[in-house]
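Q:
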Amino acid sequence: MDNMENVEFRSILRCAEFEIAPGKFVGGKQPCFIIAEIGQNHQGDIEIAKQLIQSAVDCGVDCVKFQKSDLESRFTNEVLRRPYNSKNSWGDTYGEHRSFLEFSNTEFRELKEFAEQLGVIFTASAMDKILFMQVQCYHSKY
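For the sequence shown, the UniProt record's numbering begins at 1 and goes up steadily by one.
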């Protein structure tokens, strides 16, 4: 791509609008799309997760985002068995700690429904290849 084509492409892209979810557009003259990264700040507690979603909605975000991992495919057994001695540990080993922070599929569906009832987009980042396809079902209908 020569410089002139590059300038033209950037000009077109700057004006382009994209539908990021049904009826929700970004780019062009659309307002900023704000994502609240909740990650694993819920400390493994679904009620805290719901409070974080509610707080994010109260702040006017467009989307709440969590993380989902298949620990056995993401980490080696050695890493999962390693002692985890931290004031912020939720288990004796790193595996126990990370396992405590992971929501089940049922809990993720509950959080998704809760977010959608509040009118906010729900999504989750797959932190490994195994969960990439599974996480697609957590994306909001919005």
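No residue lacks a Cβ here, since even glycine has one placed at the ideal position from N, Cα and C.
Here the structure is a predicted model, which means the values were calculated and not measured.
Taking the alpha-carbon positions, what's the I34 to E17 distance?
A: The alpha-carbon atoms of I34 and E17 are separated by roughly 16 Å.
Q: Our contact map puts V120 next to V61 with C-beta atoms below 8 Å; I'd like the distance itself, whole angstroms only.
A: That pair is a contact at about 6 Å.
Q: For V79, which residues in the same chain have their Cβ closer than 8 Å to its Cβ, ignoring the five residues on either side in sequence?
A: Answer for V79: Y94, G95, listed in chain order.
Q: Keeping to the same chain, check which residues put their C-beta closer than 6 Å to that of C15; ignore five residues upstream and five downstream.
A: Excluding sequence neighbours, C15 sits near G28.
Q: Using a Cβ-Cβ cutoff of less than 7 Å, which residues in the same chain neighbour G44 once the five nearest sequence positions on both sides are dropped?
A: Counting only Cβ-Cβ distances below 7 Å, and skipping sequence neighbours, we find W90, F100, L101.
Q: Assess, as a yes-or-no matter, whether the segment 47-66 is touched by the segment 101-114 under the definition of 3 or more beta carbon pairs within less than 8 Å.
A: Taking 8 Å as the limit for Cβ pairs, the verdict is that the segment 47-66 does touch the segment 101-114.
Q: Give the straight-line distance between the Cα atoms of V57 and E47, rounded to the nearest whole angstrom.
A: Each residue's alpha carbon lies about 15 Å from the other.
Q: Check this for me: beta carbons of Q67 and A21, under 8 Å apart or not?
A: For Q67 and A21, no; Cβs fall outside 8 Å.
Q: Extract the residue ranges of the alpha helix (DSSP H) inside the UniProt domain "PseI/NeuA/B-like" (52-129), only unbroken runs of 4 or more that lie entirely within it.
A: The UniProt domain "PseI/NeuA/B-like" (52-129) contains these whole alpha helix (DSSP H) runs: 71-74, 77-81, 94-101, 105-117.
Q: For N85, I'd like the list of residues in its chain whose CB is within less than 8 Å of its CB, leaving aside the five on either flank, ordered along the chain.
A: Contacts found: none.
Q: Going by beta-carbon coordinates alone, are E37 and K65 separated by less than 8 Å?
A: Yes, they are a contact pair.
Q: Name, in chain order, the residues that DSSP records as bridge partners for A21.
A: Answer is K24.
Q: Please report the straight-line C-alpha distance between S104 and A126, rounded to a whole angstrom.
A: The alpha-carbon atoms of S104 and A126 are separated by roughly 14 Å.
Q: Assuming G39 is part of the beta strand (DSSP E), what are its boundary residues?
A: From DSSP, the beta strand (DSSP E) with G39 extends over 35-39.
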